[in-house]
Amino acid sequence: MRNLEDPFRCVDKILQGHAQFSPAVLVDMHAKATSEKNAMGWFLDGRVSLVFGTHTHVQTADERILPGGTAYITDIGMCGPMDSVIGVEKETVIEGFLSQLPRRYEVARGDVIVQGVLLDVDEASGRAKEILRIRIPWKKAGV
Ligand SMILES: [Fe+2]
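Be aware that the sequence shown starts at 8, since it is given in our numbering, and climbs by one per residue.
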């Protein structure tokens, strides 16, 4: 990626003056590195309701409420085809790794999985009360 502005300083600017809209604030840290997502959770602990990661598509099992009242999970996972490589036809991805040549990726077919989190937030303070990780395999009719 091109050089971008530092996300930690950026979120500081965004959060200034945001309290007038709602005490409940959700932050999606769309990034690849788990360490950056983890650091963002600690950086915002006590200032937002939830910091959740996206982009890797692989759900992590580290959901928790940090000491300051911010719920955190490194990656909430994806909603999409189960028998796939992060949603893409697995055969095409494997061929790409073996040949080191670019491939045209297609979304995989078949049964799907729904992943994410359910969050309970105190309406007055914006602090998280509970975070529940969701992972529901869904069999498609007629498949
Ligand atoms: Fe992405």
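Every residue, glycine too, gets a C-beta built ideally from N, C-alpha and C. Keep in mind the model is a prediction, meaning the values are calculated, not measured.
heavy atom of ligand 1 below 7 angstroms from residue i C-beta
i: H2; result: The shown model of the chain, from 8 to 150, leaves out residue 2, and the question about it has no answer.
Residue nearest to residue i in terms of C-alpha spacing, selected from the options
i: I120; options: L105, P88 and V100; result: P88
i: A68; options: G75, S56, I83 and V55; result: I83
i: S56; options: E113, H64, A46 and L73; result: L73
i: G76; options: M36, M85, Q66 and A31; result: A31
i: S132; options: I138, S29 and L51; result: S29
i: V124; options: I101, I80, R9 and S106; result: I80
i: V18; options: G48, I101, K39 and S42; result: G48
i: R142; options: Q66, E113 and I21; result: Q66
i: T61; options: G53, L11, L51 and I93; result: I93
i: P14; options: P109, E43 and L33; result: E43
i: R116; options: C86, D129, G103 and T41; result: C86
Supposed contact pair residue j and residue i - C-beta distance, whole angstroms, cut 8 angstroms
i: K146; j: D118; result: 5 angstroms
i: V100; j: E113; result: About 10 angstroms; that fails the 8 angstroms criterion.
- Message: What ranges does the beta strand (DSSP E) occupy inside the segment 20-86, keeping only unbroken runs of at least 3 residues that lie completely in it?
- Response: 33-37, 57-61 and 78-80
- At what residue ranges does the segment 98-136 contain a whole run of the beta strand (DSSP E), taking only runs of 3 or more? 119-128
- Message: Using a strict less-than 7 angstroms threshold between each residue's beta carbon and the heavy atoms of ligand 1, what residues do you get?
- Response: H37, T61 and H62
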